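The sequence shown begins at 284 in the working numbering and counts up by one. In this text, a Cβ means the ideal position worked out from N, Cα and C, and glycines have one as well. These numbers were taken from a predicted model, which means no experiment stands behind them. These notes are about the structure you will find just below.
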Amino acid sequence: MSVEIFAIVFVLFTFIFLLSGIPVAFILSGSALLFSLIGVYFNLFDPSYLLAIPSRIFGIMTNQNLLAVPLFIFMGLVLEKSKIAEQLLLAMNTLYKNTNGGFAISVVLVGGLMGASTGIVGASVVTLGLLSLPVMLKNKYPTDLACGVICASGTLGQIIPPSLVLILLADVLSSAYQQAQLNLGIFSPETVTISDLFAAAIVPGLLLPLMYIFYIKLLKIKNLDDTQNNQINSFDEDNFIVAFVPPILLILIVLGSIILGIATPSEAAALGAIGALAISFLQNRLSLSVIRKSAKTTIKLTSMVFAILIGATFFSLVFRGLEGEELIQKLLIHGPEDKYLSLIITLGIMFFLGFILDFIEIIFIIIPLFGPVLFSFGFDPIWVGILIAMVLQTSFLTPPFGFSLFYLRGVAPQSVSTIAIYRGVLPFIVIQLIAILIIFLFPEITSFIPDLISK
């Protein structure tokens with residue numbers, strides 16, 4: 284067996300077992316070690332590659348950018364579990380309740396704000412579903428539209444900074460971009476920073492909700508003034524300010540400090556975590572239970588992220604030792620003649636993997652494999668990163684396996700059929716694809732703000 288065939292078998296074996304339900308980190312590291320031993324036995328793998336694993340793990344644990352991950356997760360969870368995100372939604376519903384498609388528009392706006400504050404798709408979809416779906420159904424909204432707008436708005440956290448997706452993407456993209464430059468003989472490689480990716484995501488992050496709102500306005504849905512809903516109608520002007528202004532200020536301060544270079548991502552994340560605690564305390568919503576639940580969930584999510592990252596390090600090292608990088612280079616260079624077609628194929632692979640894998644797994648597995656080859660073609664890594672984030676966001680919406688659909692199905696009443704949920708997201712998937720096409724055809728959209736800041 285040639286080393287190329289062995290590398291392909293290794294990848295196929297790994298992806299098949301990813302469907303087994305065994306924790307991903309164990310599958311990645313376990314299959315890598317298994318195939319490295321088999322490769323050594325058949326003289327297809329150099330075991331010296333495994334000597335780099337301790338230094339790689341040490342590099343992950345001391346990476347300052349990754350320190351922002353648990354802090355941003357904690358910030359989002361505090362805002363969620365202290366019900367501040369819930370109050371934000373109720374306040375926005377009050378503002379828009381008597382306008383054309385008002386409740387749906389408020390869901391889009393709050394979905395974007397929750398994305399910027401929590402960055403956790405599951406939390407956003409569940410919160411929006413529990414609070415908004417009954418209100419919209421009571422106000423005679425079409426069931427499919429109500430479900431579609433909740434699912435689509437809940438995934439905005441994938442692209443709107445400070446997004447967990449963008450934080451992890453920045454680190455992996457930077458490594459792949461540096462590897463591509465080293466392969467080309469550039470020994471003082473440039474890097475991709477989190478602030479660059481955040482700045483590049485601002486316009487796409489604003490474009491999507493605006494396109495959603497435009498679509499909702501086209502439907503010309505009239506709201507009924509539901510005076511029975513005392514929870515929504517209880518908001519006066521003071522309550523609206525209290526519910527709306529503090530989380531918005533927190534998001535602007537955290538995001539602005541990173542983009543303008545005032546603070547590092549980890550410093551800004553720490554500021555965000557403290558700010559979330561302060562807002563909760565001042566609104567008498569902070570308790571030991573909120574802190575304990577937020578901290579416990581943060582530890583679980585952070586442990587999962589780093590375990591997968593370490594497993595992906597094993598996987599990528601063994602794949603490289605099996606000359607996998609050269610194999611991908613041959614497939615992409617000697618396959619499609621157009622480099623843009625190679626990029627489209629890579630994005631398509633990520634889209635379909637989004638049906639069965641979480642975005643963290645896709646980022647840590649696929650980008651290290653395909654990234655260095657793509658960037659050797661001369662693609663802007665920031666532009667590619669935004670395209671990847673938007674493609675992953677779209678896969679979260681796409682039936683039948685989109686994660687966002689499962690989250691809403693879990694909290695929707697039995698009267699809402701699964702088919703209605705699937706049917707509801709289809710227009711928003713079309714909007715997503717149009718937005719991706721716009722970004723693909725006009726890369727300047729992603730470079731406009733980073734270039735403006737750098738001047």
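For residue i, report the span of its alpha helix (DSSP H) as first-last.
| i | result |
| --- | --- |
| T438 | Per DSSP, T438 belongs to no alpha helix (DSSP H) and is neither H nor E. |
| D621 | Counting along the chain, D621 falls outside any alpha helix (DSSP H), and DSSP gives it neither H nor E. |
| V713 | T701 to L724 |
| S312 | V307 to Y324 |
| N466 | L447 to N466 |
| Y495 | I477 to L502 |
| I469 | It is not in any alpha helix (DSSP H) - I469 carries neither H nor E in the DSSP assignment. |
| G544 | Segment: none, G544 is in no alpha helix (DSSP H) and carries neither H nor E. |
| K583 | L571 to G604 |
| A672 | P664 to L680 |
| A290 | V286 to L301 |
| Y690 | F686 to V694 |
Classify residue i: buried if its beta carbon has 16 or more other beta carbons within 10 angstroms, exposed otherwise.
| i | result |
| --- | --- |
| D508 | Since pLDDT at D508 reaches only 45, below the 50 mark, its modelled position is unreliable, and no value is offered. |
| T410 | buried |
| E727 | exposed |
| T345 | exposed |
| F642 | buried |
| I469 | exposed |
| E473 | exposed |
| I450 | buried |
| T729 | buried |
| Y690 | buried |
| I702 | exposed |
| L688 | buried |
| F325 | exposed |
| G707 | buried |
| S698 | exposed |
| S365 | buried |
| L652 | buried |
| D621 | exposed |
| G412 | buried |
| F662 | buried |
| T510 | Because T510 sits at a pLDDT of 43, beneath the cut-off of 50, its placement in the model cannot be relied upon, and the following sentence gives the value as read from the coordinates. So T510 counts as exposed. |
| I645 | buried |
| D427 | buried |
Let me check understanding here. Comparing Cα to Cα, which of the options lies closest to residue i?
| i | options | result |
| --- | --- | --- |
| S586 | T345, S319, N522 and V352 | V352 |
| M673 | W666, I719 and I649 | I719 |
| F523 | I721, L354 and T377 | T377 |
| P664 | L350, V475 and F309 | V475 |
| L630 | T596, A387, I299 and L670 | L670 |
| L805 | A387, L600, P655 and S285 | Nothing in the structure corresponds to residue 805, since the chain is present only between 284 and 738. |
| S285 | K366, I356 and E606 | E606 |
| F731 | L465, F686 and A484 | A484 |
| I736 | V408, S659, I545 and A526 | I545 |
| A374 | R603, Y498, S572 and V525 | V525 |
| S319 | G604, I542 and I541 | G604 |
| I336 | I291, L592, P696 and I557 | L592 |
| F658 | P682, L626 and I632 | L626 |
| T581 | L447, Y460 and L502 | L447 |
| A695 | V408, I542 and F660 | V408 |
| L501 | S478, N383, D479 and T547 | N383 |
| V573 | I367, L302, L301 and L334 | I367 |
Looking at residue j and residue i, is the spacing between their C-beta atoms short of 8 Å?
| i | j | result |
| --- | --- | --- |
| L554 | S563 | no |
| S751 | V390 | The requested residue 751 does not occur in the structure, where the chain is confined to residues 284 to 738. |
| L414 | E369 | yes |
| Y424 | I504 | yes |
| Q393 | L372 | For clarity, residue 393 is Val in the given sequence; the question names Gln instead. For V393 and L372, yes; Cβs fall inside 8 Å. |
| I722 | P487 | yes |
| N348 | S549 | yes |
| I443 | G385 | no |
| A453 | P733 | no |
| G594 | V307 | yes |
| F711 | L680 | yes |
| T677 | L716 | yes |
| G740 | F289 | As displayed, the chain neither begins before 284 nor continues past 738, which places residue 740 out of reach and without an answer. |
| L311 | F602 | no |
| Q462 | P655 | yes |
| F355 | P445 | yes |
| L675 | P530 | no |
| L560 | L491 | no |
| L533 | G558 | yes |
| A387 | M358 | no |
| V432 | I340 | no |
| S314 | F296 | yes |
| L610 | E287 | yes |
Between residue i and chain C, is the shortest Cβ-Cβ distance under 8 Å, so that the two count as touching?
| i | result |
| --- | --- |
| F597 | No chain C is part of this structure, which consists of one protein chain only. |
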